[in-house]
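Working notes, beginning with the structure itself.
Numbering (full-length UniProt numbering), first residue to last: 1 to 593.
Rendered as structure tokens:
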């Protein structure tokens, strides 16, 4: 528990680099804040002077009424001028601090997003999308309140306290001492309430993440929910989670609600002290004018908002600490796949696995066991096997989405780790088993693989993927905007658009992970013929569940339980008793019937 509190205290130190980055803007804001507060305290002094002039006139110390009028008119003009100056400086203060907070929010969101991009797939398997979204949105917003309003009002409060109390001491030291008696009580109350707020803020943020995750998953899986007719259950589950989250928010609000009434009570108590003690001192002659008492009442009321804002500022800081701890948890994550090379060499396409074994970190499942093979540049490899045999894992390792647990992968006879990670992936066209399309137009989804692609490039890639005719039948053709995850298209159309996205890159290595499972055999053959045409000089690794896909391949691997159980060409394997021959004959018979 002690370690957790220490981490929270250190969490906001992560923002120091941003505060340093904008140090000159913040310094300007500090100067403006001091100016605003200095002008603000002129008003009580001018009112005291005006009261003193009237008091001296009533006591016949000044007999000329014109002198009194001139003095009052001058003070009124100065009060208006000081108020205007204070208002202008306050406006500039807000512009400075709040703008800086938006800059820092922008920088922090970019930092978090970049970290998300760099982290390995294991990270995304351990964490839910809703929680990731909450940390980059809600948590960063809480932190912005710390570097914006909390910092601004904190500086304003500190400056006002220093300036006002200095003037109060110079005017009446003993009265100042009595007036400030409630402050120690205030400090203890703030400390205790801050601890309670911090604890509740952390719980609120955790529940918000759970709520976001549930909502996101419900929307993403709405087709499944509807098809099973379980909307009432999900509605009930959401209602229960929302009510629980609401209770936590109400619990936090109850504690936060104590602050302001407590501040008002203590300020009111200070006013009573000023009137009673100040009145006694005036009667005893220790204070020369009633104007001093009025000045002190104005000072105390000027401190009302700053004192009340101490609680609000503390609350914001506590919430920011809780949020920054959650952000730092992800920022401190290290990607398991690291880019350790600046080598940008163009790859030819030779792939070699040397006794490769791989175990998934999150499940501890060994997907590959002692896999070895060599694929020459421009050749094609088809991998077949039962579900869970490790086929997709081979493709993920070639793209360095994971690093091997044992053994070695060579690209062009060089360790795969010796290549720049991003340059390696740029030269690989990868079509995953679960085709993912973005909520953009079909044109933009195909161009995703090559942002500077021309219209001819896009159409050519779509034709090779046998999806051009489908697209032309849409009312908006290539400008058709897809729904989330490409829900507008059928499964086969999504796969073919995903293939076009990989083809348009013109990569030297193409990886197809059972990406034709949702298309008919005739379309599959058309696509493979097209791929053979454009990939004659490219290295192709194809995962499939159809033996027909392997007829023109240079090499075929059959996996079972992470091991190679058959290896050779189509002609060799079809003559050998085993899994491949059995699968081919079964699918051939099914096709004929």
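All C-beta atoms in this analysis are idealised placements derived from N, C-alpha and C, irrespective of residue type, glycine included.
| field | Length of the line joining the Cα atoms of residue 133 and residue 211 | value | Here residue 133 corresponds to residue number 133 of the chain shown, with the count starting at 1. Here residue 211 corresponds to residue number 211 of the chain shown, with the count starting at 1. Whole-angstrom Cα-Cα distance: 11 Å.
| Counting pairs of beta carbons, one from the segment 80 to 98 and one from the segment 32 to 46, are three or more of them closer than 8 Å? | Three or more pairs of CB atoms, one per stretch, sit closer than 8 Å, so the segment 80 to 98 contacts the segment 32 to 46.
| message | For residue 402, count the other beta carbons within 10 Å of its own beta carbon; 16 or more makes it buried, fewer makes it exposed. Which is it? | response | Residue numbering aside, residue 402 sits at position 402 when the chain shown is read from its first letter. With 16 or more other Cβ atoms within 10 Å, it is buried.
| message | Between the alpha carbons of residue 301 and residue 161, how many angstroms are there, rounded? | response | On the chain shown, position 301 is the one that residue 301 refers to. On the chain shown, position 161 is the one that residue 161 refers to. Cα-Cα distance, rounded: 12 Å.
| field | Span of the beta strand (DSSP E), counted from its first residue to its last, around residue 375 | value | Position 375 of the chain shown, counted from the first residue, corresponds to residue 375. For residue 375, the uninterrupted beta strand (DSSP E) run begins and ends at 366 to 375, by DSSP.
| task | Find the nearest neighbour of residue 77 within the set 478, 127, 50, 475, judged by alpha-carbon distance. | result | Here residue 77 refers to the residue found at position 77 of the chain shown. When each option's Cα is compared against that of residue 77, the closest is 50.
| said: Across the segment 322 to 332 and the segment 361 to 371, are there enough close Cβ pairs to call them in contact, namely three or more that are closer than 8 Å? | reply: With the cut-off at 8 Å, the segment 322 to 332 and the segment 361 to 371 do not touch.
| query | Among the residues of its own chain, which have a CB less than 7 Å from the CB of residue 642, if the five just before and after it don't count? | reply | Lying outside 1 to 593, the shown extent of the chain, residue 642 is not represented and no answer is given.
| Taking C-beta to C-beta, are residue 290 and residue 282 nearer than 9 Å? | Looking up residue 290 in the chain shown gives position 290. Looking up residue 282 in the chain shown gives position 282. Cβ distance < 9 Å, so residue 290 and residue 282 count as in contact.
| According to DSSP, what are the bridge partners of residue 415? | The sequence position of residue 415 within the chain shown is 415, counting from 1. Answer is 410, bridged to residue 415.
| query | Taking C-alpha atoms, which residue in 513, 138, 221 lies nearest to residue 112? | reply | Position 112 of the chain shown, counted from the start, is the residue given in the question as residue 112. It is 138 whose Cα lies nearest to the Cα of residue 112.
| How many whole angstroms separate the CB atoms of residue 147 and residue 15, which I take to be in contact at a CB cut-off of 8 Å? | If you number the chain shown from 1, residue 147 lands on position 147. If you number the chain shown from 1, residue 15 lands on position 15. About 6 Å; that satisfies the 8 Å criterion.
| query | Around the C-beta of residue 349, are 16 or more other C-beta atoms found within 10 angstroms, so that it is buried, or is it exposed? | reply | If you number the chain shown from 1, residue 349 lands on position 349. A residue is called buried once 16 or more other Cβ atoms fall within 10 Å of its Cβ, and residue 349 is buried on that count.
| said: On the criterion of 16 or more Cβ atoms from any shown chain inside 10 Å, does residue 411 qualify as buried, or is it exposed? | reply: Indexing the chain shown from 1 puts residue 411 at position 411. Per the 10 Å Cβ criterion, buried.
| Rounded to a whole number of angstroms, what is the C-alpha to C-alpha distance between residue 80 and residue 141? | As a first step, residue 80 is located in the chain shown; it is residue number 80 there, counting from the start. As a first step, residue 141 is located in the chain shown; it is residue number 141 there, counting from the start. One C-alpha to the other measures close to 38 Å.
| request: Return the residue from the list 482, 477, 388, 574 that minimises the CA-CA distance to residue 543. | output: Numbered from 1 along the chain shown, position 543 holds the residue referred to as residue 543. The alpha carbon of residue 543 has as its nearest neighbour, out of 482, 477, 388, 574, the alpha carbon of 388.
| request: Taking residue 430 as part of the beta strand (DSSP E), name the residues at either end of that continuous run. | output: In the chain shown, the residue the question calls residue 430 occupies position 430. In the DSSP assignment, residue 430 falls within the beta strand (DSSP E) that extends over 428 to 431.
| request: From the DSSP output, in three-state form, read off residue 340 for me. | output: On the chain shown, residue 340 is found 340 positions in, with the first residue counted as 1. Taken through DSSP and simplified to helix, strand or coil, residue 340 comes out as coil.
| task | Kindly list the residues whose CB is nearer than 6 Å to the CB of residue 298, restricted to its own chain and excluding five residues on each side of it in sequence; keep chain order. | result | By one-based count along the chain shown, residue 298 stands at place 298. Excluding sequence neighbours, residue 298 sits near 44.
| task | Using only alpha-carbon positions, find the residue among 236, 578, 555 that is nearest to residue 568. | result | By one-based count along the chain shown, residue 568 stands at place 568. Minimum Cα distance to residue 568 is reached at 555.
| said: Taking only three categories from DSSP, how would you classify residue 509? | reply: Taking the first residue of the chain shown as 1, we reach residue 509 at position 509. Residue 509: strand per DSSP, three-state reduction.
| task | Select from 432, 322, 550 the residue whose C-alpha is nearest the C-alpha of residue 135. | result | Position 135 of the chain shown, counting from 1, holds the residue named residue 135. The option with the nearest alpha carbon to residue 135 is 322.
| task | Go through its chain and collect everything with a Cβ distance to residue 100's Cβ below 8 Å, but skip five positions before and after it. | result | Here residue 100 corresponds to residue number 100 of the chain shown, with the count starting at 1. Once the five neighbours on either side are set aside, the close Cβ partners of residue 100 are 22, 25, 26, 29, 147, 148.
| said: Which residue wins for smallest C-alpha separation from residue 444, given the options 432, 433, 457? | reply: Stepping through the chain shown from its first residue, residue 444 is reached at position 444. Answer by Cα proximity: 457.
| Reduced DSSP secondary structure (H/G/I, E/B, other) of residue 110 | The count along the chain shown starts at 1 and reaches residue 110 at position 110. In the three-state reduction of the DSSP assignment, residue 110 falls in the helix class, which pools H, G and I.
| When DSSP builds the beta bridges, which residues end up paired with residue 559? | One-based indexing of the chain shown puts residue 559 at position 559. Per DSSP, 385, 564.
| query | For the candidate residues 586, 428, 563, whose alpha-carbon lies nearest to that of residue 511? | reply | Reading the chain shown from its first residue, position 511 is the one you call residue 511. For residue 511, the closest of 586, 428, 563 by C-alpha to C-alpha distance is 428.
| query | Got a sec, what are the start and stop residues for the beta strand (DSSP E) residue 347 sits in? | reply | Translated into positions along the chain shown, residue 347 becomes position 347. Taken as a continuous stretch (DSSP letters only), residue 347 belongs to no beta strand (DSSP E), as it is neither H nor E.
| field | Environment of residue 261 [buried if 16+ CB atoms lie within 10 Å] | value | Translated into positions along the chain shown, residue 261 becomes position 261. Counting Cβ neighbours within 10 Å, residue 261 comes out exposed, since fewer than 16 surround it.
| request: Look at the alpha carbon of residue 64 and the alpha carbon of residue 56, and state the distance between them as a whole number of angstroms. | output: Mapped onto the chain shown, residue 64 falls at position 64. Mapped onto the chain shown, residue 56 falls at position 56. Spanning the two alpha carbons is a distance of roughly 11 Å.
| request: Taking 8 Å as the threshold, find out whether the segment 309 to 320 comes into contact with the segment 352 to 359 through three or more Cβ pairs. | output: No, the segment 309 to 320 does not touch the segment 352 to 359.
| Beta-bridge pairing of residue 441 - partner residues as DSSP gives them | The residue labelled residue 441 in the question sits at position 441 within the chain shown. DSSP lists 481 as partners of residue 441.
| What are the boundary residues of the beta strand (DSSP E) that includes residue 550? | Taking the first residue of the chain shown as 1, we reach residue 550 at position 550. No beta strand (DSSP E) holds residue 550; DSSP gives it neither H nor E.
| task | Measure the alpha-carbon distance for residue 433 versus residue 253 and round it to whole angstroms. | result | Along the chain shown, read from residue 1 onward, the residue named residue 433 stands at position 433. Along the chain shown, read from residue 1 onward, the residue named residue 253 stands at position 253. Straight across, the Cα-Cα distance linking residue 433 with residue 253 is about 47 Å.
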